[in-house]
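K.L.:
Structure in C-alpha cells, see below.
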Amino acid sequence: MFFRTPFFLPLLYPSLIWRIPTTENKIFLTFDDGPVPGPTDFVLEQLKAHQAKATFFCIGNNLVQNNALFREILEQGHAVGNHTYNHLKGWNTPNEIYLKDINACQDKIGNTALFRPPYGRIKRSQLKQLSSFKVVMWDVLTYDYSASVGKEQCLKGIVKATRPGSIVVFHDSYKAEKNMKYALPRFLDHFSSKGFVFDSLSEL
Numbered sequence: 531m532f533f534r535t536p537f538f539l540p541l542l543y544p545s546l547i548w549r550i551p552t553t554e555n556k557i558f559l560t561f562d563d564g565p566v567p568g569p570t571d572f573v574l575e576q577l578k579a580h581q582a583k584a585t586f587f588c589i590g591n592n593l594v595q596n597n598a599l600f601r602e603i604l605e606q607g608h609a610v611g612n613h614t615y616n617h618l619k620g621w622n623t624p625n626e627i628y629l630k631d632i633n634a635c636q637d638k639i640g641n642t643a644l645f646r647p648p649y650g651r652i653k654r655s656q657l658k659q660l661s662s663f664k665v666v667m668w669d670v671l672t673y674d675y676s677a678s679v680g681k682e683q684c685l686k687g688i689v690k691a692t693r694p695g696s697i698v699v700f701h702d703s704y705k706a707e708k709n710m711k712y713a714l715p716r717f718l719d720h721f722s723s724k725g726f727v728f729d730s731l732s733e734l
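Be aware that the sequence shown starts at 531, since it is given in this note's numbering, and climbs by one per residue.
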C-alpha cells in the first residue's frame with residue numbers, strides 16, 4: 531500500500547496540484563467529504579488545539595444539510611473547496627452531468643477556486659472545462675476510510691510519507707471516523723513537535 535502518491539502521476543497530470551514546493555516546514559492538511567456532524571466537529575477541535583489551518587473539500591449536499599457546521603469551518607479561518615454536489619466519480623459520469631454537479635456545489639459553497647475530484651478520478655475532457663479552478667490532488671493519502679487499514683498502520687504510513695509541502699488527505703466522514711480520530715491528533719502532535727506548521731491552501 532502506497533501512502534505517498536506514485537511519482538509518475540504528477541508527470542502525467544502536471545497541471546494539477548500535487549504538493550506545494552517549499553523550503554519551509556509546512557504541511558497542508560485537507561479533509562474530504564464533509565461537513566458531517568461529529569467527524570467535522572472533532573477535526574475542528576483538533577485543528578484549533580494545535581493552532582493549525584486546513585482546507586475542507588465539501589460535498590454540496592452535506593454543506594446544505596449542515597450549513598451551520600460549514601459556517602464554523604469558515605469562521606475558524608480554514609479554506610474550503612468544491613468536491614461536487616453528490617460525490618460523483620468523473621470516470622463514470624457524462625461530462626455534462628459532472629459539470630452541472632460541480633456548478634451546483636459552487637452555487638452553495640460560494641467564492642472558491644479550489645476543486646478536488648472525488649476519488650481522484652477525472653477525465654481529461656472534464657479537466658479542460660475546469661480552467662477557472664485550481665484542481666488539487668495530494669501526495670499523501672491516509673486511507674482512513676479503508677476497513678483493511680488499521681489505525682496504527684494509517685498513522686505510521688502517513689508519518690513516513692509526509693514531507694515539507696505535502697498535501698495530506700483525511701476524511702471528515704463516518705466511514706473514516708475511527709482511523710481519522712486516532713491518526714489525526716497523533717499526526718498533529720508528531721509534526722508540531724518537529725517544528726512544522728499546518729497551513730491552508732487559501733493562497734493558491
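Just so you know, even glycine gets a beta-carbon here, dropped at the ideal spot from N, CA and C. Being a predicted model, the structure only gives us computed values, none of them experimental.
Assign Pro624 to one of two classes, buried (16 or more other C-beta atoms within 10 Å of its C-beta) or exposed (fewer than that).
P.N.:
The residue is exposed, with fewer than 16 neighbouring Cβ atoms inside 10 Å.
K.L.:
Tell me whether the beta-carbon of Lys583 lies closer than 9 Å to the beta-carbon of Phe728.
P.N.:
Cβ atoms of Lys583 and Phe728: closer than 9 Å.
K.L.:
In chain order, which continuous runs of the alpha helix (DSSP H) of length 4 or greater are located wholly inside the stretch 546 to 613?
P.N.:
Runs found: 569 to 579, 590 to 595, 597 to 605.
K.L.:
Could you tell me which residues DSSP puts in a beta bridge with Phe728?
P.N.:
For Phe728, which the question treats as bridged, DSSP gives the partners Ile557.
K.L.:
What's the C-alpha gap between Leu574 and Ile603?
P.N.:
Answer to the nearest angstrom: the Cα atoms are 7 Å apart.
K.L.:
Pick from Ser696, Leu660, Leu539: whose alpha carbon is nearest that of Thr585?
P.N.:
The shortest C-alpha separation from Thr585 is found at Ser696.
K.L.:
May I have the straight-line CA-CA distance separating Asn555 from Thr535, to the nearest angstrom?
P.N.:
Distance between the alpha carbons of Asn555 and Thr535 is about 19 Å.
K.L.:
Quick one, which of Ser732, Val689, Gln606, Asp563 has its alpha-carbon nearest Gly650's?
P.N.:
Among Ser732, Val689, Gln606, Asp563, the Cα nearest to that of Gly650 is on Asp563.
K.L.:
Return the bridge partner residues of Ser696 from the DSSP annotation.
P.N.:
For Ser696, which the question treats as bridged, DSSP gives the partners Arg549.
K.L.:
Check for me: the alpha helix (DSSP H) holding Arg716 runs from which residue to which?
P.N.:
Counting along the chain, the alpha helix (DSSP H) containing Arg716 begins and ends at 707 to 723.
K.L.:
Looking at Val665: is its Cβ nearer than 9 Å to the Cβ of Phe645?
P.N.:
A contact, by the Cβ cut-off of 9 Å.
K.L.:
Can you tell which of His613, Asn596, Leu714 has the C-alpha that lies nearest to the C-alpha of Lys578?
P.N.:
That would be Leu714, whose Cα lies nearest to the Cα of Lys578.
K.L.:
To the nearest angstrom, how far is it from the Cα of Thr614 to the Cα of Gln659?
P.N.:
If I take the Cα positions, the gap works out to 14 Å.
K.L.:
Should Leu657 and Leu546 be called a contact, given that it needs their Cβ atoms to be closer than 9 Å?
P.N.:
Yes, Cβ-Cβ distance for Leu657 and Leu546 is below 9 Å.
K.L.:
The ligand ADP heavy atoms versus the CB of Leu604: any closer than 8 Å?
P.N.:
The ligand ADP is not part of the structure shown, which contains no ligands of any sort.
K.L.:
Only counting the same chain, and skipping five residues up and downstream in sequence, which positions put a Cβ closer than 8 Å to that of Gly568?
P.N.:
Excluding sequence neighbours, Gly568 sits near Tyr704, Glu707.
K.L.:
So does the stretch 625 to 639 actually touch the stretch 593 to 601, counting three or more Cβ pairs closer than 8 Å?
P.N.:
Yes, since at least three Cβ pairs between the stretch 625 to 639 and the stretch 593 to 601 fall closer than 8 Å, the two stretches touch.
K.L.:
When DSSP labels each residue in this structure, what does Arg654 get in the three-state scheme?
P.N.:
Correct three-state label for Arg654: helix.
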